[in-house]
Amino acid sequence: MNDWLLALIELILFVALAPLFSAWVKRVKCWLQNRRAPALLQPYRDLRRLFAKQVLLSHNASPVFRATPYIIAGATLLAAAVVPFISVNLPTAAIADVIVLAGFFALARFFLALAGMDVGTAFGGMGSSREMTISALAEPAMLMAVFTLAMVAHSTNLSTVIDQLLAQGLVLRPSLLFALLSLVLVGIAETGRIPIDNPATHLELTMIHEAMILEYSGRHLALIEWAAQLKLLIYGVLIVNIFFPWGIATSGSPGALAIASGVVFVKLLVLGVLLAVGETVLAKMRLFRVPAFLVLALTLALIGLLSHIILEVG
Amino acid sequence: MTALYLTLLIPLLASILLGVFGNHRGAAAFNMLATLAGFATSVWLALIVLQQGPLGGEAGQFHIDSFNVYLIALTALVGATTSFFSTPYMAQEEANGRLGPGRLRLYHASYQGFLFTMQLALTTNNLGVLWVAMEGATLATVLLVSLYRTPESVEAAWKYFIVCGVGIALALFGTVLLYFAAAHVIPDAEHALLWSVLAEHSAQLQPVVMAIAFVFLLVGYGTKVGLVPMHTWLPDAHSEGPTPMSAVLSGLLLNVALYALVRVKILTDGALAAGGMHSPQLAGNLMMGFGLLSFTVAGLFLHRQRDIKRLFSYSSIEHMGLMTFAFGLGGPLATFGGLLHMTVHSLTKSAIFIAVGHASHIARTQSIEGIRGLIQTQPAVGWGLLIGTAAIAGFPPFGVFTSEFLLLSATMKSHPWLTVPLLTGLGVAFAGLFRHLHPMVYGERPEGQVAVSANMWPVVLHMVLVLWLGLAIPTFLADWFNQAAVLITGKGLL
Amino acid sequence: MLEQLPLYQQAILTLAAMVLFTSFALLAQSRVVSIIHIFAWQGLLVAVTTALVAYDSGKHDLYLSAIMTIALKALFIPWLLHRLVKRLGIDREEHGAEHPATVLMIGAGLVIFCYYVAQPIEQLSASVTRNTIAISMAVVLLGMLMLVSRSKAVAQVVGFMSLENGLFFAAVAATHGMPMAVELGVAFDVLVAAVIFGVFFFHIRDSIESLDVDQLNRLSEQDE
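Residue numbers (the working numbering), protein chains in the order written: chain Z, 1 to 314; chain B, 1001 to 1494; chain F, 2001 to 2224.
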């Protein structure tokens, strides 16, 4: 029972911290670009404001349009529940499968794309088509990277994977190096960050994610925004906890949990800085270059897989 | 050993000297002198080997046995006669304004450099050095192919460089694998690439690794031999470079590449025969396949050529295919035939290219359609071309006939059904050569076509030698061929 | 198993994988200057791997090979190419393959092919580097793929040189280097080849006023 409680607390923490992580990335970016940064709590204020506002619906919006924010938020929430945040071996570990995780993301994206087309505006359809193009290329790369992980750890269960990697200690694995690089690229593409998409723009030529949610308002928009922030944090946690698992709590003792929370917090802070630096030095690429970017991710994942087979087995 | 070192040093020094002082008027004469001296030392070397047997010892860096000693002499001979042809030929090119003194310096230095790499490839006992020398041969000749700087010649040189470079790179990979196999057997790493040491231990080499290595070496050195489908560089390089270059490429480079291939085949055969898990004939069968393919394809391509030098370079591919087939077939008779064919083809083909060079000067074009009535204009060149072509097509009593006859009898013995494609191919090639040759040597003499200063003595010398080899092979040469056949197949003919 | 190896041996394998990655990067990259830079990185990675193998096997002449590789493949040839590209005024051009994604997929197929070919060889060896034989073979074949998929002379030369890197890497991986005389000879050949390639750039440009080798198509067996 204790374990379930711990899992629930972790999930709540996960969800609650998601806007903070986005704010941290934004703050570092502002520092780097010599701008005045908004307060770290600004995303929470934005969400509160949006929740308080009235929902405006287009006349020809179908039930799918109205249901989508809840489906997205639900799927992303479940995805967050799957990812080990502070400790492994929780009861939720039974469903903590990477393929399930990919499935939740796919579900959310599918409905988002449907909703984008639902109202029938030009921007929505355009955004949906772009989103699907990108995800059609990103998903194979992600799965390939995931398979590499699975082959290294002999499991697709995230909790087991982390356990295995922790047990091995510091091992230089070419396969994991490439899987990491690939996953970073996929993460950037999937969470709509520079250089694929710019979360801060509403420029019609370039927007992808923002184009699909242009018609949303009020609590619907708040849920979708929150889900997007959560998704970014999920990718962040995945990357730091799988590839740098040191410090994660393997037992439920309060001391271990406290250390693990601190370590994860620091790791995420560093990751946020790296992300901000990346977004500052890179320019957004033209949409036609995106396939090349994702093919690179796929190639990296493939090299990871191959180098595991060629170099590490036997 | 002095003779050996001199054989190598003379072309090397000559190359350096000609590179530095090549603008001097005596460069062509010095070139001839150097090749002549090289020939003299190679004969000296041959005499030593004749008296004392194989040279180079157990694990020396050089190894002269009956398989390469006659090739060394042959290389020096063809190098010398071609340099005698090249002097008036290049002077004519300079007079025609196609070349300046700077290019001639490059030409002479590269010519000697090429001869050095050939002799190094033949004499070395180290398979790694053999590779270095083969790559060196490409480097020495590639700038000669583009000597005229026409778009065609630059294209030919680029193709030659890239295709041969990649091919030879694969051969290096094969050599690495060979070394890998050898390192398990031979404790001293410095000796693990020495052919004589490897040949002794060939039965212990890992058959699987040797099979893979041989495939790489076959593709690699096969590119240089001009085996189809890696032959694409050959007609281009032969047709666009200066004619003396075509003569030595056809007469020497292809031979040496095939020599390298046969050397590694001996090792592979030894390893596969002892290993027992693969078909022990793998190397031979592969060579037979590639050889027959090259032979057939080149024979067919002969018919559609418009450029006289391309015509004869396809003929070279055809004959290299035939030799590869002969060595692949194995057995003392076929091997003896193959060795003889290497010699007579080298002599005949270089003689033909010399005649072709003069013919294209007479007609002022390399296009077959433009070359007419050679016998009327300059009988020596016309007859030289006619006799040379007759010899290469396999007319008795020339040496090519003898070697082809030996090869056919050997094929009849072991693979009777293969004689059909061989005979057909020979017929096709014969027709392909003569349908083009006939109008060129007989035909009507065009208006204003005049004789040029030509040096036909090399042709005469080569054809006499080929005739002699066709009528009677001298005892010492037959002994060498026989010993080489023992070396390659384990059995002698005589 | 990997986790039982000492760290520097793991590093050898990781570096080998990175060499393979640079080969793929070369296939994908289209900007001339970037191609040359990646090639220099590849040379450096190969040299560092060689030095680690030298440390691992205690063969001191491999250090010399590593230094030679750095001098030749990571410094001299990239510098030469860079200078030529500047002088030819093509340093901002794109010399990419026509279908980069297809080429990358073919490349992946080649790696798998190499794995199968090299497997029987690898079983015979006990050294740490045995698994890198397949990688080095892949680098050779990927260099070849780059050669055939590009139409510009500079990219072809880089492909050729990267192929040479693969060969050197194969020698290091399979047999801890070749005898010194052979290594020196090969290095000399590569050096001369690089210089001759440089000369050729000017010849090609003078003859067709471009470095697009696809335009060199006068000599072929087609009916005019």
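Every residue, glycine too, gets a C-beta built ideally from N, C-alpha and C. Keep in mind it's a predicted model, so treat the numbers as computed, not measured.
Inclusion of B/A1157 and B/S1146 in the CB contact set at 9 Å is warranted, their separation being smaller than that value.
A Cβ-Cβ contact shorter than 9 Å links B/S1316 with B/L1234.
In the DSSP assignment, Z/H209 falls within the unbroken alpha helix (DSSP H) covering 209 to 212. Taking B/A1257 as the centre and dropping the five residues before and after it, the same chain places the C-beta of M1134, Y1221, K1224, V1225 closer than 7 Å to its C-beta, in chain order. Identification of chain Z residues near F/N2165 by a Cβ-Cβ cut-off of 9 Å yields none; the smallest Cβ-Cβ distance measures about 17 Å. Pairing Z/L185 with Z/A297 gives a Cβ-Cβ distance under 9 Å. Among the residues of the segment 2174 to 2194 of chain F, those with a Cβ less than 8 Å away from any Cβ of chain B are A2174, T2175, M2178, P2179, A2181, V2182, G2185, V2186, F2188, D2189, V2192, A2193, in the order of the chain. The C-alpha of F/L2020 is placed about 34 Å away from the C-alpha of Z/A79.
Sequence-ordered contacts of the segment 226 to 245 of chain Z with chain F are nonexistent [C-beta pairs closer than 8 Å]. DSSP places F/Y2055 in the uninterrupted alpha helix (DSSP H) bounded by 2032 to 2057.
Taking 8 Å as the Cβ-Cβ cut-off, the segment 2130 to 2157 of chain F approaches chain Z at N2131, T2132, A2134, I2135, given in chain order. Bridge partners of F/K2152 according to DSSP: F/D2212.
When Cβ pairs closer than 8 Å are counted between the two stretches, the segment 1164 to 1180 of chain B is seen to touch the segment 1112 to 1132 of chain B, the count reaching three or more. Contact check between the segment 1283 to 1297 of chain B and the segment 1088 to 1105 of chain B: fewer than three CB pairs, one atom from each, fall below 8 Å, which does not count as touching.
When C-alpha distances from B/I1375 are compared across B/L1050, B/E1444, B/F1401, the shortest belongs to B/E1444. The Cβ atoms of Z/K26 and Z/A276 lie closer than 9 Å to each other.
The C-alpha of F/V2157 lies about 21 Å from the C-alpha of F/E2183.
Of the candidates F/K2059, F/V2117, F/L2081, the residue whose Cα lies closest to the Cα of F/G2198 is F/L2081. Comparing alpha carbon positions, the residue from B/V1154, B/E1200, B/L1004 closest to F/R2218 is B/V1154. Where B/I1010 is concerned, the enclosing alpha helix (DSSP H) starts and stops at 1002 to 1021. Apart from sequence neighbours up to five positions away, the residues of its chain that approach F/T2050 with a beta-carbon distance below 7 Å are L2062, S2065, A2066, T2069, V2172, ordered along the chain. Here DSSP, grouped into helix, strand and coil, assigns B/T1124 to strand.
Minimum Cα-Cα distance from B/A1029 among the listed residues B/F1062, B/G1338, B/A1109 corresponds to B/A1109. Judged by beta-carbon spacing, Z/G192 lies within the 9 Å limit of Z/H209, meaning their Cβ atoms are closer than that value. For B/Y1442, no alpha helix (DSSP H) segment is defined, and its DSSP state is neither H nor E.
The count of Cβ pairs closer than 8 Å, one atom from the segment 2099 to 2118 of chain F and one from the segment 2180 to 2195 of chain F, stays below three, leaving the stretches out of contact. Between B/N1255 and B/H1345, the CB-CB gap stays under 9 Å.
The segment 154 to 221 of chain Z contains no complete beta strand (DSSP E) run of 3 or more residues. Z/D97 has Z/N157 as its beta-bridge partners, per DSSP. Listed along chain F, no residue sits closer than 8 Å to B/R1098 by beta-carbon distance, the nearest being about 15 Å off. Within chain Z, the residues L170, V171, L172 have their CB atoms less than 9 Å from the CB of F/L2007, given in chain order. The C-beta of F/R2092 has fewer than 16 other C-beta atoms within 10 Å across all chains shown, which makes the residue exposed.
Boundaries for Z/I310: no alpha helix (DSSP H) harbours it, and the DSSP string shows neither H nor E there. Cβ-Cβ separation between F/H2176 and F/K2086: approximately 38 Å, too far for a contact (criterion under 8 Å). A direct Cα-to-Cα measurement between F/P2006 and F/L2052 gives close to 12 Å. Listed along the chain, the chain F residues whose CB falls inside 8 Å of the CB of Z/F178 are A2017, F2021.
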